[in-house]
Amino acid sequence: MRKVYQVCLPVLLVCLATVAANAQSFRVQCPSTTALHPGNPTDQGAIKCQQISGGDGYATMADGTQTYLFAFGPLSGLNDIAKGLPGTQLNSVFMTPYDPVAAPNSAASNGAVGLVPNPEAAHDPRCSKASPPSYCTTGFDGHVDPRQIMDVGVMNGNMPAPMMAIDEDDEFFLTLTNVGMIMRPDLFEQHTVHFHGYPNASAFYDGVPDASVAINIGGSFTYYYLAPDAGTYFWHCHITPPEHLQMGMVGQLYVRPRQNRLGSGAPLFAGLQAQQGDPRTSCPNSGPGTTGPATDILCSTPLPPSNTASRAATGLYAYNDGDGSTHYDVEYPIQIHGFDPNFHFVGMTFNPEGFADMKDKYFLLNGRSYPDTLNTTGYNDISLGAGNSDFVGQPRSSTAFYTQDADGVQRPSQPLPTVINIPAGGRALLRISDLDVSEYQTLASLGVPMQVIAINARLLRDQAGNNLYYNTNSITLAGGESIDVILDASVPKPDGTAYAKGEVYYLYTPNLDHLSNDAENFGGLMTEVHIN
Amino acid sequence: MSPMNKNKAISMTRLLPIVMVAVTLLLTATAQAAAPGITGPTFNLTAQASYISQPDGAMIYSWGYGCASAFTPTFNPPASKMPGAKCPLMQVPGPTLIVTEGQAVIVNLTNNLPAAAGNTSILFPGFQVTATGGVPGLLTGPIGDAAPGGTVSYSFTAGSPGTRAYYSGTQGDLQVEMGLYGAIIVLPATPPTCANANLVAESAHSETDYRLTANGAAFDHASSCYDREYLFQFSEMDPVIHTQAEQQVAAKASCPASPNTGCMDVVTEPYHPAYFMINGRSMPDDMDTNYAVEYPHQPYNGNPHMHPGELVLLRIIGQGRWQHPFHEHGNHVRILARDGNLILSQTDATKLAGPLLFTTTTTPGVAMDGIFYWTGKGLNWDVYGHNSASTDPLAKLPCTADANGYNTGDPTAPNYYEWCADHGKALEKAPFGDVNAGGPVTLPDANILTNGAWFGGSAYLGPNATTRAVGPTGTTPPSGTIANPPGSEAGFAFMWHSHNEREITTNNIFPGGMMMMMLVDSREFQINESF
Numbered sequence: 144m145r146k147v148y149q150v151c152l153p154v155l156l157v158c159l160a161t162v163a164a165n166a167q168s169f170r171v172q173c174p175s176t177t178a179l180h181p182g183n184p185t186d187q188g189a190i191k192c193q194q195i196s197g198g199d200g201y202a203t204m205a206d207g208t209q210t211y212l213f214a215f216g217p218l219s220g221l222n223d224i225a226k227g228l229p230g231t232q233l234n235s236v237f238m239t240p241y242d243p244v245a246a247p248n249s250a251a252s253n254g255a256v257g258l259v260p261n262p263e264a265a266h267d268p269r270c271s272k273a274s275p276p277s278y279c280t281t282g283f284d285g286h287v288d289p290r291q292i293m294d295v296g297v298m299n300g301n302m303p304a305p306m307m308a309i310d311e312d313d314e315f316f317l318t319l320t321n322v323g324m325i326m327r328p329d330l331f332e333q334h335t336v337h338f339h340g341y342p343n344a345s346a347f348y349d350g351v352p353d354a355s356v357a358i359n360i361g362g363s364f365t366y367y368y369l370a371p372d373a374g375t376y377f378w379h380c381h382i383t384p385p386e387h388l389q390m391g392m393v394g395q396l397y398v399r400p401r402q403n404r405l406g407s408g409a410p411l412f413a414g415l416q417a418q419q420g421d422p423r424t425s426c427p428n429s430g431p432g433t434t435g436p437a438t439d440i441l442c443s444t445p446l447p448p449s450n451t452a453s454r455a456a457t458g459l460y461a462y463n464d465g466d467g468s469t470h471y472d473v474e475y476p477i478q479i480h481g482f483d484p485n486f487h488f489v490g491m492t493f494n495p496e497g498f499a500d501m502k503d504k505y506f507l508l509n510g511r512s513y514p515d516t517l518n519t520t521g522y523n524d525i526s527l528g529a530g531n532s533d534f535v536g537q538p539r540s541s542t543a544f545y546t547q548d549a550d551g552v553q554r555p556s557q558p559l560p561t562v563i564n565i566p567a568g569g570r571a572l573l574r575i576s577d578l579d580v581s582e583y584q585t586l587a588s589l590g591v592p593m594q595v596i597a598i599n600a601r602l603l604r605d606q607a608g609n610n611l612y613y614n615t616n617s618i619t620l621a622g623g624e625s626i627d628v629i630l631d632a633s634v635p636k637p638d639g640t641a642y643a644k645g646e647v648y649y650l651y652t653p654n655l656d657h658l659s660n661d662a663e664n665f666g667g668l669m670t671e672v673h674i675n
Numbered sequence: 004m005s006p007m008n009k010n011k012a013i014s015m016t017r018l019l020p021i022v023m024v025a026v027t028l029l030l031t032a033t034a035q036a037a038a039p040g041i042t043g044p045t046f047n048l049t050a051q052a053s054y055i056s057q058p059d060g061a062m063i064y065s066w067g068y069g070c071a072s073a074f075t076p077t078f079n080p081p082a083s084k085m086p087g088a089k090c091p092l093m094q095v096p097g098p099t100l101i102v103t104e105g106q107a108v109i110v111n112l113t114n115n116l117p118a119a120a121g122n123t124s125i126l127f128p129g130f131q132v133t134a135t136g137g138v139p140g141l142l143t144g145p146i147g148d149a150a151p152g153g154t155v156s157y158s159f160t161a162g163s164p165g166t167r168a169y170y171s172g173t174q175g176d177l178q179v180e181m182g183l184y185g186a187i188i189v190l191p192a193t194p195p196t197c198a199n200a201n202l203v204a205e206s207a208h209s210e211t212d213y214r215l216t217a218n219g220a221a222f223d224h225a226s227s228c229y230d231r232e233y234l235f236q237f238s239e240m241d242p243v244i245h246t247q248a249e250q251q252v253a254a255k256a257s258c259p260a261s262p263n264t265g266c267m268d269v270v271t272e273p274y275h276p277a278y279f280m281i282n283g284r285s286m287p288d289d290m291d292t293n294y295a296v297e298y299p300h301q302p303y304n305g306n307p308h309m310h311p312g313e314l315v316l317l318r319i320i321g322q323g324r325w326q327h328p329f330h331e332h333g334n335h336v337r338i339l340a341r342d343g344n345l346i347l348s349q350t351d352a353t354k355l356a357g358p359l360l361f362t363t364t365t366t367p368g369v370a371m372d373g374i375f376y377w378t379g380k381g382l383n384w385d386v387y388g389h390n391s392a393s394t395d396p397l398a399k400l401p402c403t404a405d406a407n408g409y410n411t412g413d414p415t416a417p418n419y420y421e422w423c424a425d426h427g428k429a430l431e432k433a434p435f436g437d438v439n440a441g442g443p444v445t446l447p448d449a450n451i452l453t454n455g456a457w458f459g460g461s462a463y464l465g466p467n468a469t470t471r472a473v474g475p476t477g478t479t480p481p482s483g484t485i486a487n488p489p490g491s492e493a494g495f496a497f498m499w500h501s502h503n504e505r506e507i508t509t510n511n512i513f514p515g516g517m518m519m520m521m522l523v524d525s526r527e528f529q530i531n532e533s534f
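Note that the protein sequences, when read in sequence, are chains A and B. Note that the working numbering has the first sequence beginning at 144, numbered continuously upward. Note that the working numbering has the second sequence beginning at 4, numbered continuously upward.
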């Protein structure tokens, strides 16, 4: 079979060369206005955009091992991602050309990599006529400089992949740019994005290569979705899933509810009642099955019993609960994963991979094992002095782990520590997802009870409106599942005392063989909960 | 025959032959599923040995339940709807037993396994079973096992509706692994009246109703009405165990008569499965037809099809010994019941209380009933690619919202159950095809993309939507899609699979294992589950 590919590769390159002559194969899409978001003050939600690379890279395991990844990396929102935040940006930020030395928080350090004015603008006859396209004045129409894309995107894989966060009513434009896997030139792998758990998904944008299109090396594809009902979803590549997921092409994605946009003090129940007027989110009146009014059997948030809860002055809500029960002060997306070092080695060294033998030996929270889950030191290139050119367009100050890649360059590899900081008397939302490809994993809480409020991005509430939340001290997930848990430090401990600043608790796995980092016998799936 | 290439790991780049097999099968006949089985209330079953086939070419020595040679079962759906319906002497999974709530069920089991296997039995978890005529069993009571050559009779009342598992209660670590498991479905005795709009459309398109019950409810409850149903049983096999078993039964022709616990020396731990099956078949075999002649001992497929807006009942069972996270692309599943126990609200018994799941995790022995549908609601673009400026009448179909927002006025309309709030909204900014313009995205040059075998050819659904959008062959190159082509089915395909992704392999070959493509077909495409 290899020989077929050896023949195909030059053919493909010729095809790509042909394309390059006709049209640009790398490009980003992020319109300033759409039919749904014409730019009026009354617009609900916004246009949000993100660009990611599909390629490879390296990560550092907690025992110091450098591990090869097939991975996605950030090609927008680099400064936010370096701080452990989602890379999703508003149109105005995304369409600001990326400048790696711009000050932190500058829009220019979060813009789309590669964005340059389209040189065609000067020659486009439409620009000299009435109602010219907007790019005639700005020059920016999504045209990108492939050199910048490759400079920044090659080997910049992250584990987990860049985080995405949107709000209900947002339109989300996600551009996947396939920069190729430099360490595996024999595999001219396509990549895709599967939005795992999206209700009423579009087959075209579902990312399953068998059911749709897959993106070749040298190409960009923009996925488009109106944000679905609020919840903790996640995303991953869907090419050869046992291989690409094991190798690290997994990421986090969540949708925040409309309820967050209610004004402070506004009644939550009335807010959810108002959503029943929108046929898309109505529960009693949007179910298929009959032509008469039918309850939607898949409705995400039925009305709770009438109540007087109001929008809190601070904090956010996980779901459109209508009763305030999903309120939180801080949120932590936590993705569980496992790496089989043998599979990763084989994946780097051109050998055939076995699937039945897969055995994970690194157990990861957000791409790191204990004690790396606690490391918030990060990396500061600025302290190394000016003129360090090794960073090829990467942020120069970051809370991320950096890993030296095969070209000798250090790049951010694991941006997310997993220290849960709960303000004393506050509530933390843990958005837990699992993309392990070989076994189930359990995460337990020592001390602070876990309140499970949602499973698989859906509030635990029966059709009659009763909350079915439950308290537990452990949750068990398979790859492909998510769960929302609240750690509540506002409820006194059983002895009547309050959780106090300075106290430390643990999240760890009672799968005791998962508390290891390969041969190291203490590590793995574990982190700390700090009361601040 | 023995499993081939057992020690030779094969990477994803070697998938081509498998894909071609899949494609060949799909071109032969577009298989569509259902939940076929045999009806009681009396079943004469046998347990015996044979070989089941896997898509890597292996024939695996297995044991299974089947219909005793003198037993002529009644099929549901009947052979008139599902030609070729059969119940062989041995099959994996065992025959799906279909009974009605309240019936007195009798299952007579004859043990025709090799003598070295010793006794066998069936457990029916969830039922109060009385056994007669057998020999002592560990889990089945003093007369609940069938000795080699002997028969045991189980009788019980089908207490409550729903889907449940049945499986061997004798040396389960070996006998269940070898294939002795199946499903029992209890239909409701007092179902609600289902006012189901989709039946009107089904008959308008001369489609056959393949449901096991004409009233269309899974339980005695108004929220359990459905339009189609599919059964998925998850199990796995360690080929080394099967090879050892085959050698042992050949080496040991007889065993002590009593107590006959068998005399096979088979190591069942450590367990190292390499085949991951849905209804006894691995992908792509699971997408071939029910009762296909190629699989004489694996009659049931796993290949769901549906139209937008149809309520689809999923009957999901974990067999074998591992858990498998079954991920349904496309939408959530409302869980109705676990092991036949309807989950209702504590304050209002007319309302459901089961969770909404996008991954229905199977655990050995656990059965779930759930309802799924797909409508495309809320995508913010018209999935039918309607174009009000077109001269093509199919591009200008009206959408009149019913009380729920769907287009259900005309049961013959191709866009029956279109979500009218998104009607006419363009996806593409400046398409060259006959679809609405002014949308949010520009689709890239098709040359930078690779088409999948089940890609309908465009982003759109409908009788000629792909042709209108991109031409009669879909977006090319390299070629028109082959398993779901623009010229015929052109449905929206969604992968349903185990999310323990290593289980979508067949003995180290990707793709394979616990995977299938679910298709949402435009309303005018006739889903024929008899194929």
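Ideal Cβ placement from N, Cα and C applies to all residues, glycine included.
- DSSP places residue 209 of chain B outside both helix and strand once states are collapsed to three, so it counts as coil.
- Annotation: the continuous beta strand (DSSP E) that includes residue 546 of chain A extends over 544-547.
- Residues of chain B with a Cβ closer than 7 angstroms to the Cβ of residue 349 of chain A are, in chain order, 332 and 497.
- The contact set of residue 224 of chain B on chain A, defined by CB atoms closer than 8 angstroms, is empty, because the minimum CB distance reaches about 12 angstroms.
- Residue range 304-310 is occupied by the beta strand (DSSP E) that includes residue 309 of chain A.
- For residue 462 of chain B, no beta strand (DSSP E) encloses it, and the DSSP letter there is neither H nor E.
- Put simply, the CB of residue 456 of chain B is near chain A, with a gap under 8 angstroms to one of its CB atoms.
- Of the residues A/206, A/202 and A/247, the one whose Cα lies closest to the Cα of residue 224 of chain A is A/247.
- Under the three-state reduction of DSSP output, residue 437 of chain B falls in the coil class, being neither helix nor strand.
- Just measuring C-alpha positions, the residue of A/628, A/603 and A/539 sitting nearest residue 592 of chain A is A/628.
- Per DSSP, residue 498 of chain A lies in no alpha helix (DSSP H) and is assigned neither H nor E.
- Residue 231 of chain B: member of the beta strand (DSSP E) spanning 231-240, first to last residue.
- Residues of chain A with a Cβ closer than 8 angstroms to the Cβ of residue 326 of chain B are, in chain order, 583 and 621.
- When secondary structure is reduced to three states using DSSP, residue 250 of chain B falls in the helix class.
- Using a Cβ-Cβ cut-off of 8 angstroms, residue 587 of chain A does not count as an interface residue toward chain B, since no Cβ of chain B sits closer than that to its own.
- Not a single C-beta of chain B is nearer than 8 angstroms to the C-beta of residue 254 of chain A.
- Contact annotation: residue 234 of chain B and residue 216 of chain B have beta-carbon atoms that are not nearer than 8 angstroms.
- Around residue 333 of chain B, the same chain offers 377 and 497 as residues with beta carbons nearer than 6 angstroms, after the five sequence neighbours per side are excluded.
- Here the region 346-360 of chain A lies against the region 444-460 of chain B, with 3 or more beta-carbon pairs under 8 angstroms apart.
- Relative to residue 606 of chain A, the option among B/179, B/354 and B/196 whose CA is nearest is B/354.
- In the displayed model, residue 564 of chain A falls within a strand according to three-state DSSP.
- Between the C-alpha atoms of residue 368 of chain B and residue 323 of chain B there is a straight-line separation of about 8 angstroms.
- Taking a C-beta distance under 8 angstroms as the contact criterion, residue 114 of chain B and residue 52 of chain B do not qualify as a contact pair.
- If you draw a straight line from the Cα of residue 179 of chain A to the Cα of residue 186 of chain A, it is about 8 angstroms long.
- For residue 339 of chain B and residue 309 of chain B, the gap between their C-alpha atoms comes out near 19 angstroms.
- Counted as a single uninterrupted DSSP element, the alpha helix (DSSP H) harbouring residue 289 of chain A occupies residues 289-296.
- 495, 496, 497, 498, 499, 500 and 501: these are the residues of the region 495-506 of chain A whose beta carbon lies less than 8 angstroms from some beta carbon of chain B, given in chain order.
- Interface annotation, residue 232 of chain B: not in contact with chain A, CB-CB separation never under 8 angstroms.
- For residue 454 of chain B, the uninterrupted beta strand (DSSP E) segment begins and ends at 452-454.
- For residue 317 of chain A, no Cβ of chain B is located within less than 8 angstroms of the residue's own Cβ.
- Check the Cα spacing between residue 196 of chain B and each of B/300, B/438, B/452 and B/218: the tightest is with B/218.
- Residue 380 of chain B has a beta carbon lying within less than 8 angstroms of a beta carbon in chain A.
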